[in-house]
Amino acid sequence: MALSLSKNLAPCMLILTSAHGLSRLSRHFYYARAAFKLYIVCGCVLLAQSLAQDQDLSLAIQTCWIWSHTLGLPLLSADICFIPQLLPDLAPFHIAIPVYSLIIQELAPCPGDSLLLIISHTLSIFAVAIAYVSNEAIARLGYIGTALAVSIRLSPYNHTELSYFENWCFVMSLANFYAYQLLRRYRWSSE
Numbered sequence: 000m001a002l003s004l005s006k007n008l009a010p011c012m013l014i015l016t017s018a019h020g021l022s023r024l025s026r027h028f029y030y031a032r033a034a035f036k037l038y039i040v041c042g043c044v045l046l047a048q049s050l051a052q053d054q055d056l057s058l059a060i061q062t063c064w065i066w067s068h069t070l071g072l073p074l075l076s077a078d079i080c081f082i083p084q085l086l087p088d089l090a091p092f093h094i095a096i097p098v099y100s101l102i103i104q105e106l107a108p109c110p111g112d113s114l115l116l117i118i119s120h121t122l123s124i125f126a127v128a129i130a131y132v133s134n135e136a137i138a139r140l141g142y143i144g145t146a147l148a149v150s151i152r153l154s155p156y157n158h159t160e161l162s163y164f165e166n167w168c169f170v171m172s173l174a175n176f177y178a179y180q181l182l183r184r185y186r187w188s189s190e
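Number 69 in numbering that gives the first Met the number 0 belongs to position 70 of the sequence shown; there are no gaps in the numbering.
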């Protein structure tokens, strides 16, 4: 019983932090809201698999996880970078690399290039670091630290064990918290 409770804790944390961020953010944060929706879907599929003990969901889990891991951090980083208006034209640009790696992953029979994904996540994290050089130090460092842990340690390719998914859910729930802390301090300005 305790093992199943601990296995369900990480997906529940991911669902709750993503739902909290989704419900509290304005509709103008469409990149971050899309990332939170991806995380909710991934957490729900993981939770359904652990509750039902169904091995038929392994392909769905792998697909949800690859999509969430590949697109989540760049989508959150795009909105985080867009807010301070330091990189307004370049903020959505770093989403192109993850989309390209997803297209390669879906079209090619071999797994996608994990080095390209690490480069993409590093660019996203670097953009967040540049955008918040002078303010929001604690939330910025927390987000950057958890994002680095996800991008370097937890690669989505060639890993189908549930422990990887659970670790990813736990670390991303922390990243969701820090991303929300960064995003909630700014109002959308349409000027």
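We put the CB at the ideal spot given by N, CA and C, even for glycine.
Whole angstroms are fine: how far does the CA of Leu-182 sit from the CA of Ala-9?
23 Å
Do you know offhand how far Gln-104's Cα is from Tyr-38's?
19 Å
With a threshold of 7 Å on Cβ separation, who are the neighbours of Gly-193 within its own chain once the five nearest residues in sequence on each side are excluded?
This structure leaves residue 193 out entirely; the chain is present only between 0 and 190.
Restricting to Cα atoms, I'd like to know which of Ile-79, Arg-23 and His-68 is closest to Pro-97.
His-68
contact_flag[the segment 73-80, the segment 18-35] where n(CB pairs < 8 Å) is 3 or more
yes
Using the Cα positions of Gly-20 and Leu-173, report the straight-line distance between them to the nearest angstrom.
12 Å
How many angstroms separate the CA atom of Gln-52 from the CA atom of Thr-62?
18 Å
Could you check which residue in Ile-118, Val-170 and Lys-6 has the C-alpha nearest to that of Gly-141?
Val-170
Buried or exposed: where does Ser-57 fall if 16 or more other Cβ atoms within 10 Å of its Cβ makes it buried?
By the Cβ-count criterion, Ser-57 is exposed, with fewer than 16 other Cβ atoms from all chains shown falling within 10 Å of its own Cβ.
Throw me the rounded Cβ distance for the Arg-23 and Tyr-177 pair, which I believe falls under 8 Å.
That belief does not hold up - the Cβ atoms of Arg-23 and Tyr-177 are roughly 14 Å apart, past 8 Å.
Expressed to the nearest angstrom, what Euclidean distance is found between the alpha-carbon atoms of Phe-164 and Arg-26?
29 Å
For Thr-145, which residues from the same chain have a beta carbon less than 6 Å from its beta carbon, with the 5 sequence-adjacent residues on both sides left out?
Val-170, Leu-173 and Ala-174
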